[in-house]
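**Student:** Dropping the structure in here first, questions after.
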Amino acid sequence: MNPKAIPNLITCFRILLVIPLVALLVDRQYGMVLALFAVAGASDALDGFLARRFGWSSRLGALLDPLADKLLMVSSYITMGLLGMLPAWLVALVILRDIVIIGGAAAYQFLIGQVEMEPTLVSKANTALQVLLVLLVLFSFAIQALPGPFINGIVMVVAVTTVWSGFKYVGIWGKRAHHYRSSERKGSR
1 MNPKAIPNLI
11 TCFRILLVIP
21 LVALLVDRQY
31 GMVLALFAVA
41 GASDALDGFL
51 ARRFGWSSRL
61 GALLDPLADK
71 LLMVSSYITM
81 GLLGMLPAWL
91 VALVILRDIV
101 IIGGAAAYQF
111 LIGQVEMEPT
121 LVSKANTALQ
131 VLLVLLVLFS
141 FAIQALPGPF
151 INGIVMVVAV
161 TTVWSGFKYV
171 GIWGKRAHHY
181 RSSERKGSR
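So in full-length UniProt numbering, spot 3 of the sequence shown is number 3, and the numbers just go up one at a time.
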């Protein structure tokens, strides 16, 4: 086996973790879900470290890694929302943001050209906060109930950063599209 494939294999393992994670959530095995989330987080850190440290990054890895993260988060949010562990409106907001980003990237790709996605600072913060919320809610169900106002505060912060990061992406890609169209018009004169 080529060592350069190790980060991608770890990422594929993380994708496969989605199935037992959802099944255990539905079965209300919150401690096990918390453990799987820890394994997923460690695998994400490990594949990123290996790719950077040894130069084992690849185009496939650049596609698989965010896909694995999205599958894990979206499946967790949907399942936790259906189980009443997270507010339905927050789940809808998180999913809507992802649909807007994916739809915008697809439209840009189709209408203008190659999409180079680079996460913004607010997007990175939003992802970290989304993960933190899942971990805190799981901890609250599995180990020790955390105060409702504390969880509600994190829910609100996640909601704000979700909207903020969604608007940030729309703004960035809107500016790029406008710049492209402007330069295209100038070039046709």
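All C-beta atoms, glycine included, are put in the ideal place defined by N, C-alpha and C.
Pick out whichever of I151, G104 and A40 has its Cα sitting closest to the Cα of M85.
**Tutor:** Sequence index remark: in the sequence shown, residue 85 carries index 85 (1-based). Selected option, being the one with the closest Cα: I151.
**Student:** Going by DSSP in three states, T120 sits in which element: helix, strand or coil?
**Tutor:** If you number the sequence shown from 1, residue 120 lands on position 120. Looking at T120 - three-state DSSP - the assignment turns out to be coil, as it is neither helix nor strand.
**Student:** Terminal residues of the continuous alpha helix (DSSP H) containing Q109?
**Tutor:** Along the sequence shown, read from residue 1 onward, the residue named residue 109 stands at position 109. Per DSSP, Q109 belongs to the alpha helix (DSSP H) from A88 to L111.
**Student:** Alpha carbon to alpha carbon, how far is I101 from D65?
**Tutor:** Along the sequence shown, read from residue 1 onward, the residue named residue 101 stands at position 101. Along the sequence shown, read from residue 1 onward, the residue named residue 65 stands at position 65. Those two C-alpha atoms are separated by around 17 Å.
**Student:** How long is the line joining the alpha carbons of W56 and L16, rounded to whole angstroms?
**Tutor:** Locating residue 56 in the sequence shown gives position 56, where the first residue counts as 1. Locating residue 16 in the sequence shown gives position 16, where the first residue counts as 1. Looking at the two C-alpha atoms, the distance is approximately 21 Å.
**Student:** What is the rounded straight-line gap between the Cα of I99 and the Cα of F139?
**Tutor:** Residue 99 sits at position 99 when you count from the first residue of the sequence shown. Residue 139 sits at position 139 when you count from the first residue of the sequence shown. If I take the Cα positions, the gap works out to 29 Å.
**Student:** When we look at the beta-carbon of L129 and count the other beta-carbons within 10 Å, is it buried (16 or more) or exposed?
**Tutor:** In the sequence shown, the residue the question calls residue 129 occupies position 129. So L129 counts as buried.
**Student:** Alpha helix (DSSP H) containing P7: first to last residue?
**Tutor:** Taking the first residue of the sequence shown as 1, we reach residue 7 at position 7. Here the alpha helix (DSSP H) through P7 covers I6 to L16.
**Student:** Any beta carbon from chain D within less than 7 Å of V134's own beta carbon?
**Tutor:** In summary, chain D is missing from the structure at hand, where a single protein chain is found.
**Student:** Thinking C-beta only, is V122 closer than 7 Å to W173?
**Tutor:** Here residue 173 refers to the residue found at position 173 when the sequence shown is read from its first residue. Here residue 122 refers to the residue found at position 122 when the sequence shown is read from its first residue. For W173 and V122, no; Cβs fall outside 7 Å.
**Student:** Terminal residues of the continuous alpha helix (DSSP H) containing G61?
**Tutor:** Walking along the sequence shown from the start, residue 61 turns up at place 61. Run containing G61: R59 to L82, per the alpha helix (DSSP H) assignment.
**Student:** Just the Cα atoms here: how many angstroms apart are L133 and Y77?
**Tutor:** For the purposes of this step, residue 133 is identified with residue 133 of the sequence shown, where counting begins at 1. For the purposes of this step, residue 77 is identified with residue 77 of the sequence shown, where counting begins at 1. Each residue's Cα considered, the two are about 10 Å apart.
**Student:** Could you give the DSSP three-state label for G55: helix, strand or coil?
**Tutor:** By 1-based counting over the sequence shown, the position of residue 55 is 55. Coil at G55, not helix or strand.
**Student:** To the nearest angstrom, how far is the alpha carbon of A106 from that of P147?
**Tutor:** Here residue 106 refers to the residue found at position 106 of the sequence shown. Here residue 147 refers to the residue found at position 147 of the sequence shown. Their backbone Cα atoms lie some 41 Å apart in a straight line.
**Student:** When the distance is taken between beta carbons, is A142 closer than 7 Å to L34?
**Tutor:** Stepping through the sequence shown from its first residue, residue 34 is reached at position 34. Stepping through the sequence shown from its first residue, residue 142 is reached at position 142. Yes, they are a contact pair.
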